[in-house]
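Residue numbers (the working numbering): 13 to 718.
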Ligand SMILES: [Zn+2]
């Protein structure tokens, strides 16, 4: 077991102070009774052995190991022997340890990913039928138990003994002064900054799966909605999943000049009944009942469009008994079990913001509020109102009339693309050429192209990067028998953007422990840079100023909508942490109140109506563990990166420079990329600029309303 036995003389102190570290790691869970005296004994012994200058580091290592050591890891004698044998006591020993861990973890990640990719191949690629065992292979994750294994065999404890654990506060405030090596050490430490017992992980997975299953069957049978005149507004067999399909139906109803408005109002009413849980339980996913969502009357379906669903005669209009909030509460109570095992981020809220996003919650909140309270909202709303020719209604938070438009029809574009790319191989061959059109030198274009493999996708397409340098990134693209179509090309260009980022951020980053980007919003933003230039890549003119402006306003209005949704999500998680004993009924009340409060503050002044609860309808709120703030942050990041690309002119070298930064904090990455931390200013400035050409020009191509 003594894989690493190191002796040494001189040691250089790391930048992280013991004091800050002790603040970071303060929780205690099931620590053996002998721990305190063993720690103090070993501190004296090791400081005597390696010298006073290393005292701070010895203290930090002991503190970190003791925090995670449990009785089953060994008694006092084994703890002391472990520490004695595994402290890298000088810089040379530490360098050796660092390099080997970095190399071996890259191999581990890379090969695990390789197995995953191969196991998913039949499901992901257009390669014949998927058999039942293929699905089991695809669902298997060989890396699921690595963290447990590394604590059991003590490889994790060796990291904790020798490398720093950090808080977000340290990464934000000290991080800009760290060397790249220090950053790599910090990421190494973070791999082992929590040791969540298997039963807790299982409970979290179970609560998530329960909530997912609840959401996945939450359909509304639209043909069975009756208005106050007893009329059916929607066609037979239309089954819409809450909230995605309901929201998208509101969007497409702008194109229905006859019944669009009545349909949109009715869907809003349905959504409100879901949020408040005044929806009759019996109508959920049930085509055997007709329902008037205004009066809440139900009756056996007078017209039949499906055999699905329960028996109508047994149904009453008893409301859904707060199941929605029971599921949400379930995810909270399960998440909370992990708190005590996660000393540097002891709540789900902290894990989301401090670890996953690495932007403090207070800053995210301020950025969202900056968007929803921007004076540009009222200006954009005025424009929408004039296009619709009526006062805004609450569901207009999903207005979809900002459309870039195009000089070419989809059919014309399909023909151009199909001729150029009859097969996936034709696209693969053209990658260097496409990259050169984006400003990469021929040498860089060839280099990146050599690291991308194009595969025929079963679905619409996706990008799958590698996790070690000897592997390649995979671009999965859909090519019909008649050749690639425009939609497929547009997606392929997006996925190629991911692959280019994945190649630079793995193969050209200085430490593989820093591979990747800060979070998914960054890789998406970089992929959008490519996707937004797909017409130029076909040799066609770029979208004009007007089309760009329409796209910007669409993004701004979407960010305004989703920022409010995210604010509700955040507030509700705080409420749950403040009221851990709450019942589903109390959580219902609190969520409804929060949705109203956020609406009244930022939306009521624009829409002229108070106490609307629509911001509480997103299904992510129930099953996605505080995920929603990722969406508005993603929009902001995309605008920042796009603005920098425009400033730089040539995309290639700028893209490579950005992507090589690797996985540091979002702010540090963005400072390096654009000179500014993450924030909404680029989005707001672009919106300001977009309002000018759009309001000056006559509206065109707007579906419905005008
Ligand atoms: Zn993407």
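Backbone N, C-alpha and C define an ideal beta-carbon position, used for all residues, glycine too.
Own chain, CB closer than 8 Å to residue 396, minus 5 neighbours either side, in chain order: 404, 408, 411, 413, 569
Given 7 Å as the limit, tell me if residue 666 has its C-beta closer than that to any heavy atom belonging to ligand 1. no
In or out: residue 487 buried (at least 16 other Cβ within 10 Å) or exposed? buried
Assuming residue 475 and residue 485 are in contact, meaning their beta carbons sit under 8 Å apart, how far apart are those beta carbons, in whole angstroms? 7 Å
Would you mind stating whether residue 384 and residue 572 have Cβ atoms separated by less than 8 Å? yes
If you draw a straight line from the C-alpha of residue 143 to the C-alpha of residue 131, how long is it? 13 Å
Output yes or no for whether 8 Å exceeds the beta carbon distance between residue 554 and residue 509. no
Which residue's Cα is closest to the Cα of residue 643: 594, 533, 588? 533
Starting from residue 146, trace the alpha helix (DSSP H) in both directions and tell me its first and last residue. 144-151
I'd like to confirm something about residue 513: is its beta-carbon nearer than 7 Å to some heavy atom of ligand 1, or not? no
Round the Cβ separation of residue 302 and residue 310 to the nearest angstrom and send it over; I've been treating them as touching at under 8 Å. 7 Å
Count the other CB atoms within 10 Å of the CB of residue 450; is the residue buried (16 or more) or exposed (fewer)? buried
Can you give me the Cβ contacts of residue 700 inside the same chain, cut-off strictly under 7 Å, excluding the 5 residues immediately before and after it? 388
Along the alpha helix (DSSP H) that carries residue 746, what are the first and last residues, could you check? Past the boundaries of the shown model lies residue 746; the chain is included only from 13 to 718, so the question cannot be answered.
Sequence-distant residues of the same chain with beta carbon closer than 6 Å to residue 35, five excluded per side: Because the pLDDT at residue 35 is just 38, under 50, the model does not fix this residue reliably, and the value given afterwards should be weighed accordingly. Counting only Cβ-Cβ distances below 6 Å, and skipping sequence neighbours, we find nothing.
Could you check if residue 5 belongs to the surroundings of ligand 1, using beta carbon to heavy atom distance under 7 Å? Here the chain covers residues 13 to 718 and nothing more, so residue 5 does not appear.
Reduced DSSP secondary structure (H/G/I, E/B, other) of residue 617: helix
Considering only heavy atoms of ligand 1, does any lie closer than 7 Å to the CB of residue 236? no
What are the uninterrupted segments assigned as beta strand (DSSP E) that are 3 or more residues long and contained completely in the segment 444-523, given in chain order? 464-468, 473-476, 485-489
Beta-carbon gap between residue 430 and residue 531 smaller than 8 Å: no
Count the other CB atoms, across all protein chains shown, that sit within 10 Å of the CB of residue 66; report buried if there are 16 or more and exposed otherwise. buried
In chain order, what residues of the same chain have a beta carbon less than 6 Å from the beta carbon of residue 8, not counting five sequence neighbours either side? Residue coverage of the chain in this structure runs from 13 to 718, which leaves residue 8 outside it and unanswerable.
Can you give me the C-alpha to C-alpha distance between residue 150 and residue 134, rounded to a whole angstrom? 8 Å
So is residue 522 in contact with chain B if we call contact Cβ pairs under 8 Å? In the structure shown, chain B does not exist; there is a single protein chain.
Between the C-alpha atoms of residue 254 and residue 285, what's the straight-line distance to the nearest angstrom? 12 Å
In three-state DSSP terms, what is residue 649? helix
Rounding to the nearest angstrom, what Cα-Cα distance links residue 371 and residue 582 in this structure? 14 Å
Which class does residue 331 belong to by DSSP, given the choice of helix, strand or coil? strand
Can you give me the Cβ contacts of residue 670 inside the same chain, cut-off strictly under 6 Å, excluding the 5 residues immediately before and after it? 685
Assign residue 312 to one of three DSSP states: helix, strand, or coil. strand
Can you list, in chain order, the residues of its chain with a C-beta nearer than 6 Å to that of residue 361? Leave out the 5 residues immediately preceding and following it. 585
Looking only at C-alpha atoms, which of 499, 458, 359, 452 sits nearest to residue 421? 499
Taking the alpha carbon of residue 561 as the point to measure from, which residue in 196, 192, 415 has its own alpha carbon closest? 415
Please state whether DSSP places residue 696 in a helix, a strand or coil. helix
Please return the same chain residues whose Cβ sits closer than 8 Å to the Cβ of residue 193, not counting the five positions on each side in sequence. 110, 523
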